[in-house]
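This report refers to the structure that appears directly beneath it.
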Amino acid sequence: MKGMHLPDIRMLLQGASPRSSEMFPELNNLLNTTPDKAEQGKLTLLCDARTDGSFLVHHFLSFYLKANCKVCFVALLQSFSHYNIVAQKLGVSLAAARERGQLVFLEGLKSSVDVFFQAQEDPHPLQFLREASAGNLQPLYEFVREALTPADNGAAAWRCPVLLVDDLSVLLSLGMGAVAVLDFVHYCRATVCCELKGNMVALVHDSGDAEDEENNTLLIGLSHQSHLILRTEGLATGFCKDVHGQLRILWRRPSQSTARRDRSLTFQYKIQDKNVSFFARGMSPAIL
Amino acid sequence: MAAVATCGAGAGGTESMAAATSKSNVTSFQRRGPRARGTDSGGPRLVSIAGTRPSVRNGQLLVSTGLPALDQLLGGGLAVGTVLLVEEDKYSIYSPLLFKYFLAEGIINGHTLLVASAKEDPADILQELPAPLLDDSCKKEFDEDVCNKKPESDIKMKIAWRYQLSPKMEVGPVTSSRFGHYYDVSKRIPRELIETSKWHGFFLPEKMSSADKVECCSLTPGYMKLLHFIQNIIYEEGFDGSNPQKKQRNILRIGIQSLGLPLWGDDVCCSENCDSSHSLSKFLYILRGLLRTSLSACIITMPTHLIQNKAIIARVTNLSDTVVALESFVGSERETNPLYKDYHGLIHIRQIPRLNNLICDESDVKDLAFKLKRKLFTIEAEWTVRERDREKGLSFVVGSPSNDRHGRCTTLI
Numbered sequence: 001m002k003g004m005h006l007p008d009i010r011m012l013l014q015g016a017s018p019r020s021s022e023m024f025p026e027l028n029n030l031l032n033t034t035p036d037k038a039e040q041g042k043l044t045l046l047c048d049a050r051t052d053g054s055f056l057v058h059h060f061l062s063f064y065l066k067a068n069c070k071v072c073f074v075a076l077l078q079s080f081s082h083y084n085i086v087a088q089k090l091g092v093s094l095a096a097a098r099e100r101g102q103l104v105f106l107e108g109l110k111s112s113v114d115v116f117f118q119a120q121e122d123p124h125p126l127q128f129l130r131e132a133s134a135g136n137l138q139p140l141y142e143f144v145r146e147a148l149t150p151a152d153n154g155a156a157a158w159r160c161p162v163l164l165v166d167d168l169s170v171l172l173s174l175g176m177g178a179v180a181v182l183d184f185v186h187y188c189r190a191t192v193c194c195e196l197k198g199n200m201v202a203l204v205h206d207s208g209d210a211e212d213e214e215n216n217t218l219l220i221g222l223s224h225q226s227h228l229i230l231r232t233e234g235l236a237t238g239f240c241k242d243v244h245g246q247l248r249i250l251w252r253r254p255s256q257s258t259a260r261r262d263r264s265l266t267f268q269y270k271i272q273d274k275n276v277s278f279f280a281r282g283m284s285p286a287i288l
Numbered sequence: 001m002a003a004v005a006t007c008g009a010g011a012g013g014t015e016s017m018a019a020a021t022s023k024s025n026v027t028s029f030q031r032r033g034p035r036a037r038g039t040d041s042g043g044p045r046l047v048s049i050a051g052t053r054p055s056v057r058n059g060q061l062l063v064s065t066g067l068p069a070l071d072q073l074l075g076g077g078l079a080v081g082t083v084l085l086v087e088e089d090k091y092s093i094y095s096p097l098l099f100k101y102f103l104a105e106g107i108i109n110g111h112t113l114l115v116a117s118a119k120e121d122p123a124d125i126l127q128e129l130p131a132p133l134l135d136d137s138c139k140k141e142f143d144e145d146v147c148n149k150k151p152e153s154d155i156k157m158k159i160a161w162r163y164q165l166s167p168k169m170e171v172g173p174v175t176s177s178r179f180g181h182y183y184d185v186s187k188r189i190p191r192e193l194i195e196t197s198k199w200h201g202f203f204l205p206e207k208m209s210s211a212d213k214v215e216c217c218s219l220t221p222g223y224m225k226l227l228h229f230i231q232n233i234i235y236e237e238g239f240d241g242s243n244p245q246k247k248q249r250n251i252l253r254i255g256i257q258s259l260g261l262p263l264w265g266d267d268v269c270c271s272e273n274c275d276s277s278h279s280l281s282k283f284l285y286i287l288r289g290l291l292r293t294s295l296s297a298c299i300i301t302m303p304t305h306l307i308q309n310k311a312i313i314a315r316v317t318n319l320s321d322t323v324v325a326l327e328s329f330v331g332s333e334r335e336t337n338p339l340y341k342d343y344h345g346l347i348h349i350r351q352i353p354r355l356n357n358l359i360c361d362e363s364d365v366k367d368l369a370f371k372l373k374r375k376l377f378t379i380e381a382e383w384t385v386r387e388r389d390r391e392k393g394l395s396f397v398v399g400s401p402s403n404d405r406h407g408r409c410t411t412l413i
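Just so you know, the sequences run in chain order A and B.
Anchor point for the first sequence: position 47 equals 47 in the UniProt record's numbering, and the numbering is continuous, going up by one each time.
Anchor point for the second sequence: position 32 equals 32 in the UniProt record's numbering, and the numbering is continuous, going up by one each time.
What follows is the structure, encoded as structure tokens:
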């Protein structure tokens with residue numbers, strides 16, 4: 001049975017179809033979820049070190065849109081068209097989702113220009129860009145809450161609300177302290193995860209040896225609150241064409257004190273044009 | 001100078017420019033403040049701008065950096081709407097060259113330039129741009145090199161056989177290319193070319209002397225003024241398509257020299273715990289926001305070797321799109337190392353953006369060295385160094401792997 005990697009065995013056991021055209025089917029298998037049975041009330045932390053973990057953001061965005069959830073995407077790093085074009089490769093149209101009200105998209109780059117060069121009458125979610133000293137992220141929280149709180153007519157159009165942030169480290173670069181960002185995450189979790197029974201996914205960069213204390217504080221603080229941590233790392237030996245990095249998945253239970261160890265799995269991956277393939281360490285098809 | 005040509009429209013999402021022509025053949029942007037790249041309106045027709053070409057991978061509009069070898073390393077060129085950050089070498093000897101190549105390429109292509117500097121008058125910078133190489137003279141230049149290298153290229157590599165098949169980095173001049181030109185650094189650009197070109201200069205000491213009311217913000221005043229200046233030019237000249245009077249079909253090339261120096265009023269290079277530690281990263285974020293919504297590309301050189309707080313370098317890297325670092329051998333132990341005697345320094349491609357895509361065009365070769373010859377700045381893969389020294393009987397073991405290189409342990413005799 002040479003060449004049978006772990007993901008293939010799991011697919012056989014679960015009987016899931018491996019040919020779905022949306023998001024990354026192999027990652028769904030690794031995480032043991034499908035859009036139909038997405039969990040609720042969870043905080044997922046995405047973390048990347050020495051590599052680019054943005055493919056995980058694209059995965060969760062299309063995953064939750066496929067799962068018929070209402071998504072509020074705070075996209076601070078790239079433009080709308082970038083996410084839209086990648087999402088189309090994964091089988092989801094962000095423009096259509098926005099039209100029908102399923103997606104609320106805050107485009108950080110474009111909004112920052114608006115708020116920076118012109119004084120706004122209403123408090124803008126990125127109001128802190130105009131402030132001289134470090135403020136807080138309350139306007140951003142208000143924006144998220146307003147976006148995800150269901151309308152008063154009582155009819156639940158969408159499954160559960162989801163907040164997606166790409167990424168939190170940018171907020172630190174823009175002058176927010178780690179405490180302010182942790183407060184923001186705390187408020188969002190209270191509203192989105194506990195009150196509205198939704199999910200939250202956030203990406204934080206791990207600066208590694210760059211001695212970024214604020215970032216480390218943020219990362220450690222979030223790690224303790226998360227239910228699921230997906231950590232992508234570049235290979236320690238440097239660049240490789242066939243293996244782009246390593247993904248470590250850690251399932252946690254933040255509410256209970258863990259006397260026993262949390263479950264964790266490690267895989268290596270290669271990113272392709274429309275998909276990411278995962279394999280056990282050292283089992284890359286290019287090497288076998 | 002903008003050549004107007006229509007290209008076939010592909011699937012809606014993967015087209016590169018929102019400079020759409022409406023059905024009645026009047027060129028205009030379709031809506032106020034459009035995004036400069038990508039479009040979700042169906043079937044735009046592309047207007048071809050001089051000096052640009054669409055990327056093979058994702059239809060992104062690319063401009064040349066002025067160095068064809070660097071264009072190839074970056075996956076075809078610099079994407080419009082992005083920032084190229086050049087980490088300066090230690091004594092800032094070679095990074096001004098990359099800066100000048102970028103600007104010279106803009107002049108040759110008829111792009112509008114915006115040059116910002118705190119230490120040199122932009123008019124002086126433009127006077128010192130290199131002259132473009134005409135096709136036959138630069139062909140002669142390359143022929144000289146080919147003759148010199150012929151003996152080496154015939155030798156079969158016995159141990160490093162894997163490298164035999166990898167492509168050479170040097171790119172010969174294509175005689176009829178409109179994308180990417182070669183320049184002669186020993187000559188100055190003709191004055192007529194500068195006079196006919198359109199450029200805006202931002203010289204910080206001049207701008208700071210005028211007593212404008214600057215709104216209090218955590219940005220240093222120098223950065224504030226520069227941002228307002230750039231935003232003004234983009235709006236006034238219609239690069240973002242929001243000005244109904246101006247229909248611009250040209251690229252704005254922005255060059256910011258030595259950002260982060262104390263001359264800008266920023267103390268990020270002075271101490272580790274600086275007061276305005278967020279000023280630089282905030283500036284970059286808003287600059288990138290301006291670029292993303294306009295037809296512009298920007299090169300920034302930054303003396304990162306002076307920044308003592310490594311966290312700031314990491315943040316600045318994350319907030320830039322393409323990052324290239326130059327490391328010159330001047331004053332270092334490598335200057336006398338026989339390995340590197342033909343080269344002036346190393347060039348590291350630290351980051352390439354993944355735009356509209358999950359993957360990017362990373363070059364397989366990570367060890368690149370540069371050399372400033374009498375007229376040309378060339379980039380070569382580092383293994384050619386070893387090959388040349390092999391026949392001279394030197395023996396050495398390649399050093400330990402680092403994060404941005406292949407791990408190697410070949411011994412050549």
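All C-beta atoms, glycine included, are put in the ideal place defined by N, C-alpha and C.
| query | result |
| --- | --- |
| Sheet register partners of Ala280/A (DSSP bridge) | Note: Ala280/A sits in no beta bridge, so no partner. |
| Gly222/B beta carbon less than 9 Å from that of Asp266/B | yes |
| Close beta carbons around Glu382/B, own chain, < 6 Å, minus the five adjacent residues each side | Asp367, Ala369 |
| Closer than 9 Å to chain B by CB, residue 289/A | Only positions 1 to 288 of chain A appear in the structure, and residue 289/A is not among them; the question remains open. |
| Contacting residues, own chain, Cβ-Cβ under 6 Å from residue 351/A (five flanking each side not counted) | No answer is possible for residue 351/A: it lies beyond the span of chain A, which begins at 1 and ends at 288. |
| Distance CB(residue 451/B)-CB(Leu263/B) smaller than 9 Å | No information on residue 451/B is available, as it lies outside the stretch 1 to 413 that chain B covers here. |
| Closer than 9 Å to chain A by CB, Ser218/B | yes |
| DSSP-derived helix/strand/coil call for Ile49/B | coil |
| Environment of Glu88/B [buried if 16+ CB atoms lie within 10 Å] | buried |
| Listed by chain order, chain A residues near Arg288/B by CB distance under 8 Å | Leu109 |
| Exposed unless 16 or more other CB atoms sit within 10 angstroms - verdict on Tyr91/B | exposed |
| Contacting positions in the stretch 335 to 356 of chain B - beta carbon closer than 8 Å to chain A | Arg354, Leu355, Asn356 |
| For Trp251/A, the residue or residues it bridges with in DSSP | Leu228/A, Arg263/A |
| Nearest neighbour of Val185/A, chosen from Lys42/A, Ala87/A, Ser93/A, Leu56/A [CA to CA] | Lys42/A |
| Where Ser281/B meets chain A, residues with beta-carbon distance less than 9 Å | Val170, Leu172, Ser173, Leu174, Gly175 |
| Per DSSP, cross-strand counterpart(s) of His199/A | Looking at the sequence itself, residue 199/A is Asn, so the reference to His does not match. Asn199/A pairs with Val162/A. |
| Supposed close pair Ala67/A, Pro25/A - CB separation, criterion 8 Å | At roughly 14 Å, the Cβ-Cβ gap does not stay under 8 Å, so Ala67/A and Pro25/A are not in contact. |
| Residues bridged to Trp199/B [DSSP beta-bridge criterion] | Leu113/B |
| Distance CB(Gln40/A)-CB(Gly198/A) smaller than 9 Å | yes |
| Members of the stretch 359 to 372 of chain B near chain A, C-beta cut-off 8 Å | Ile359, Glu362, Asp364, Lys366 |
| Exposure label - Glu121/A; buried when at least 16 CB within 10 Å | exposed |
| Residues of the stretch 83 to 105 of chain A whose Cβ lies closer than 8 Å to any Cβ of chain B, in chain order | Asn84, Ile85, Val86, Gln88, Lys89, Ala95 |
| Within 9 Å of chain B by C-beta, residues of the stretch 198 to 216 of chain A in sequence order | His205, Ser207, Gly208, Asp209, Ala210, Glu211, Asp212, Glu213, Glu214, Asn215 |
| Min CB distance Phe73/A to chain B below 9 Å | no |
| Straight-line Cα distance separating Ile189/B from Lys119/B | 21 Å |
| Sequence-distant residues of its chain with Cβ nearer than 8 Å to Arg31/B (five each side left out) | Unreliable placement is indicated for Arg31/B, whose pLDDT of 39 sits below 50; the coordinate value is still reported in the next sentence. Answer for Arg31/B: no residue qualifies. |
| Any C-beta of chain A under 9 Å from that of Leu259/B | no |
| Inter-stretch contact at 8 Å, needing at least 3 Cβ pairs: the stretch 342 to 360 of chain B / the stretch 84 to 104 of chain A | yes |
| Chain B contact residues for Lys241/A, given Cβ-Cβ distances below 7 Å | Asp364 |
| Whether Leu222/A touches Asp206/A by CB criterion (9 Å) | no |
| 9 Å Cβ cutoff, Glu131/A in contact with chain B | yes |
| Residues that Gln231/B contacts on chain A, provided the C-beta gap is smaller than 8 Å | Val113, Phe117 |
| Best match in Pro54/B, Thr82/B, His181/B for proximity to Val323/B [C-alpha to C-alpha] | Thr82/B |
| Sequence-distant residues of the same chain with beta carbon closer than 7 Å to Ile271/A, five excluded per side | Phe55, His244 |
| For Tyr101/B and Val144/A, the rounded distance between their alpha carbons | 45 Å |
| Under the three-state DSSP convention, the category residue 414/B falls into | One cannot answer for residue 414/B here, as it falls past the ends of chain B, which runs 1 to 413. |
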